[in-house]
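S.K.: So the protein sequences, as listed, match chains S and P.
Sequential numbering from 20 applies to the first sequence in this note's numbering.
Sequential numbering from 20 applies to the second sequence in this note's numbering.
Number of protein chains: 2
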Amino acid sequence: MDRLTIIKVGGKVVEEPESLKALLDQFSKVSGNKILVHGGGRTATIIAGKLGIETKMVDGRRITDAEMLEVVTMVYGGLVNKRIVAGLQARNCNAIGLTGADLDLIRAKKRPVKDIDYGFVGDVDDVNTRELRLLLNENVIPVIAPLTHDGKGNLLNTNADTIASELATELSNHFSVYLFYCFEKRGVLLNPNDESTVIHDLDLTLFNKYKKEGIISAGMIPKLDNGFRAKQKGVKEVLITNPENIATGRGTRLV
Amino acid sequence: MDRLTIIKVGGKVVEEPESLKALLDQFSKVSGNKILVHGGGRTATIIAGKLGIETKMVDGRRITDAEMLEVVTMVYGGLVNKRIVAGLQARNCNAIGLTGADLDLIRAKKRPVKDIDYGFVGDVDDVNTRELRLLLNENVIPVIAPLTHDGKGNLLNTNADTIASELATELSNHFSVYLFYCFEKRGVLLNPNDESTVIHDLDLTLFNKYKKEGIISAGMIPKLDNGFRAKQKGVKEVLITNPENIATGRGTRLV
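What follows is the structure, given as structure tokens:
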């Protein structure tokens with residue numbers, strides 16, 4: 020099977036002009052089939068603030084009411100996505116920006132209200148990569164915003180880490196998939212303040228131990244949960260790293 | 020050659036929930052290959068206003084400084100485009116939202132400053148429909164936002180009527196193209212306040228006469244200029260009408 024690299028970038032990386040430029044330089048050098056999945060939460064929070072819409076987060080997840088859904092649709096699907104696409108075109112990468120609604124790529128269900136009403140947040144139901152694979156065969160580079168749809172005309176906000184792992188899992192039926200979670204740090208750190216303490220190989224036993232001990236916490240837990248799930252379902256390799264190490268493959272490898 | 024219908028919708032049609040619903044119902048019934056090109060200026064003006072950014076128009080064209088470019092990228096490429104895509108998916112139309120940057124579809128040059136500095140406004144240089152045609156062959160329905168790019172990483176704001184006529188012209192090398200300009204009225208009217216005065220057939224001589232007499236004016240002139248240019252360059256049929264008459268083909272026909 021052909022190799023396919025899926026790179027998920029979030030956090031400041033795609034939202035600050037300098038780090039975005041560095042990322043796109045790195046990403047454009049990756050050979051073979053590739054997909055970029057991005058976030059955009061910081062920009063959404065800033066734009067929402069300017070529009071007088073308050074951002075509410077629960078456990079790192081955005082509460083997405085009707086107004087906030089408009090903001091994330093604009094920011095993720097428009098501003099952040101199209102900037103990346105234009106930036107890649109300038110680097111001779113024939114990029115195409117997509118949400119889960121485009122090509123019916125990712126259908127989701129509005130998350131049921133239990134303790135918390137997350138609003139228009141979607142849990143992935145179905146991934147359809149038929150047309151996406153045709154594009155990959157034409158050397159097109161999909162750039163995917165963290166939005167899905169419910170098939171009834173509604174867009175939904177879906178975590179970008181989840182989108183990356185769901186796509187990686189489905190596409191591992193057709194490609195040998197390498198999934199990179201890129202953020203600001205060199206990998207999962209034993210000491211969050213010391214970049215020299217990267218955990219090079221992380222298995223489930225160690226992950227559970229570090230989780231229990233509080234060494235791995237906060238936003239890293241759902242990312243790693245997604246990563247381990249993708250690995251168990253056939254994704255060839257999952258790596259947590261920063262954009263500079265996309266080329267070297269250094270970082271935290273899930274084993 | 021296969022038939023391809025390109026429908027450009029602007030004005031209130033795509034921006035109010037009820038008229039958008041009606042449009043999508045009509046559009047989803049069009050048989051064969053089809054493309055939707057949309058505007059979104061009213062929404063851009065509203066969002067800009069909420070963000071404290073003043074909208075300046077000259078001859079119906081938006082002055083697009085760096086801040087306004089962010090707004091139109093969000094609104095055209097994100098909010099309006101993705102709402103249409105999700106709405107079409109709900110009607111079993113496999114839509115894909117695109118700007119001119121996606122798939123390197125439309126390259127443009129920043130308009131040179133003469134009397135007026137339009138800012139980040141792009142005049143179309145090159146239309147590349149290679150991948151678009153692959154998608155059309157797979158029954159995918161492109162939904163196109165009025166943004167282009169310069170190949171150097173910059174997005175540009177480009178008039179939606181122009182985008183529709185440029186696409187129609189290029190695609191008439193491959194398809195028998197029917198270009199519909201849809202807006203709120205039944206066609207070009209002799210009396211703007213009387214919908215029964217639709218001009219059914221309009222040729223260049225009559226257009227120039229009406230223009231001189233002030234019967235056709237304002238925003239209609241660039242639309243018709245674009246339409247006549249497309250017709251002269253091989254587009255099979257150009258019709259100015261409202262969404263209700265997409266099916267009947269009634270309206271103003273350029274001859």
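Glycine is no exception: its CB is placed at the ideal position from the N, C-alpha and C atoms.
Computed from a predicted model, the values in this text were never measured in an experiment.
Are the region 28-48 of chain P and the region 220-240 of chain S touching by the rule of at least three beta carbon pairs closer than 8 Å?
M.R.: Contact between the region 28-48 of chain P and the region 220-240 of chain S is absent, because fewer than three Cβ pairs lie under 8 Å.
S.K.: At the level of alpha carbons, what is the spacing between R205(P) and E263(S)?
M.R.: Those two C-alpha atoms are separated by around 57 Å.
S.K.: Since T177(S) contacts G138(S) with CB under 8 Å, what's their CB separation in whole angstroms?
M.R.: The pair is not a contact, with the Cβ atoms about 12 Å apart (cut-off 8 Å).
S.K.: Going by beta carbon distance, what residues of the same chain come within less than 8 Å of K75(P), once the five residues before and after it are set aside?
M.R.: Cβ neighbours of K75(P) beyond the five flanking positions: R81 and I82.
S.K.: From the DSSP output, read off the bridge partner residues of N207(P).
M.R.: The question names Asn, yet the displayed sequence has Val at residue 207(P). Answer by DSSP bridge pairing: none, since V207(P) is not bridged.
S.K.: Quick one: is I115(S) near chain P, going by C-beta distance under 7 Å?
M.R.: For I115(S), the answer is yes, since a Cβ of chain P falls inside 7 Å of its Cβ.
S.K.: Residues of chain P with a CB under 8 Å from the CB of E73(S): which are they?
M.R.: Within chain P, no residue comes near E73(S); the closest Cβ sits about 14 Å away, beyond 8 Å.
S.K.: Among the candidates R149(S), S47(S), V143(S) and T167(S), whose CA atom is the shortest distance from the CA of C112(S)?
M.R.: Looking at the Cα atoms, S47(S) is the closest of the given residues.
S.K.: Cβ of L122(S) less than 7 Å from any chain P Cβ?
M.R.: Chain P, which has a Cβ nearer than 7 Å to the Cβ of L122(S), makes this yes.
S.K.: How far does the alpha helix (DSSP H) with F139(P) in it reach, from first residue to last?
M.R.: That residue, F139(P), is in no alpha helix (DSSP H); it is neither H nor E in DSSP.
S.K.: Just how far apart, CA to CA, sit V128(P) and D145(P)?
M.R.: Checking the displayed sequence, the identity of residue 128(P) turns out to be Lys instead of Val. So the two alpha carbons sit approximately 10 Å from each other.
S.K.: Comparing alpha-carbon positions, which option in L166(S), G172(S) and G170(S) lies nearest D180(S)?
M.R.: Ranking the options by Cα distance to D180(S), first place goes to L166(S).
S.K.: Does the region 55-62 of chain S come into contact with the region 93-102 of chain S, if we say contact requires no fewer than three beta-carbon pairs (one atom in each stretch) closer than 8 Å?
M.R.: The answer is yes - the region 93-102 of chain S touches the region 55-62 of chain S, with three or more Cβ pairs under 8 Å.
S.K.: Taking Cβ-Cβ distances below 7 Å as the criterion, which residues of the region 64-97 of chain S are in contact with chain P?
M.R.: Hits within the stretch, in order: K69, L70, E89, T92, M93, V94, G96 and G97.
S.K.: Compute the Euclidean distance between the alpha carbons of L88(S) and G253(P), then round it to the nearest angstrom.
M.R.: Cα-Cα distance, rounded: 42 Å.
S.K.: Do we get a CB-CB distance below 7 Å when we pair L174(S) with the residues of chain P?
M.R.: At least one chain P Cβ lies under 7 Å of L174(S).
S.K.: Hey, how far is the Cα of L158(P) from the Cα of L107(P)?
M.R.: Correcting the residue type first, residue 158(P) is Asn in the shown sequence and not Leu. Going by the C-alpha atoms only, they are around 13 Å apart.
S.K.: Suppose you measure from the CA of I218(S) to the CA of E73(P); what does that come to, to the nearest Å?
M.R.: One C-alpha to the other measures close to 51 Å.
S.K.: Within 7 Å of any Cβ in chain P, is that where the Cβ of K101(S) sits?
M.R.: By this cut-off, K101(S) is an interface position.
S.K.: Got a sec: which bits of the region 154-169 of chain S sit with their beta carbon under 9 Å from any beta carbon on chain P, in order along the chain?
M.R.: Within the region 154-169 of chain S, the qualifying residues are L154, E157, V159, V162, A164, L166, H168 and D169.
S.K.: Under 8 Å Cβ-Cβ, which residues of chain P neighbour K171(S)?
M.R.: What K171(S) touches in chain P: A109.
S.K.: Taking the straight line between their C-alpha atoms, what separation do you get for V207(P) and F226(P)?
M.R.: If I take the Cα positions, the gap works out to 10 Å.
S.K.: Measuring CB to CB, does L55(P) end up less than 7 Å from V162(P)?
M.R.: The answer is yes: Cβ separation under 7 Å.
S.K.: Taking C-alpha atoms, which residue in A187(P), H168(P) and L243(P) lies nearest to D121(P)?
M.R.: D121(P) has its Cα closest to that of H168(P), out of A187(P), H168(P) and L243(P).
S.K.: If you measure from the beta carbon of E35(P) to each beta carbon in chain S, is any gap under 7 Å?
M.R.: No, because no Cβ of chain S sits closer than 7 Å to the Cβ of E35(P).
S.K.: Where do the ends of the beta strand (DSSP E) carrying R102(P) lie?
M.R.: That residue, R102(P), is in no beta strand (DSSP E); its alpha helix (DSSP H) goes N100 to Q108.
S.K.: Answer with buried or exposed for S184(S), where buried requires no fewer than 16 other C-beta atoms within 10 angstroms of its C-beta.
M.R.: So S184(S) ends up on the buried side.
S.K.: Express the C-alpha separation of G79(P) and K1(P) in angstroms, rounding to a whole number.
M.R.: Examination of residue 1(P) is not possible in this model, given that chain P is present from 20 through 274 alone.
S.K.: From the DSSP output, read off the bridge partner residues of L175(S).
M.R.: Per DSSP, T167(S).
S.K.: Could you work out which residues of chain P lie near T118(S), taking near to mean beta carbons separated by less than 8 Å?
M.R.: The contacting residues are K101, V104 and G116.
S.K.: Is the closest heavy atom of the ligand MG to the C-beta of D244(P) under 6 Å?
M.R.: No copy of the ligand MG appears in this structure; indeed no ligand is present at all.
S.K.: Any beta carbon from chain S within less than 7 Å of E189(P)'s own beta carbon?
M.R.: So, not an interface residue.
S.K.: Indicate whether L190(S) and T148(S) have their beta-carbon atoms separated by less than 7 Å.
M.R.: Contact: yes.
S.K.: For A114(P), report the span of its beta strand (DSSP E) as first-last.
M.R.: A114 to L117 is the extent of the beta strand (DSSP E) around A114(P).
S.K.: Cα-Cα, which of A249(S), K255(S) and A164(S) is closest to V28(S)?
M.R.: The option with the nearest alpha carbon to V28(S) is A164(S).
S.K.: Output needed for G268(S): all residues of its chain with C-beta closer than 7 Å, excluding positions within five of it in sequence on either side, in chain order.
M.R.: Excluding sequence neighbours, G268(S) sits near L258.
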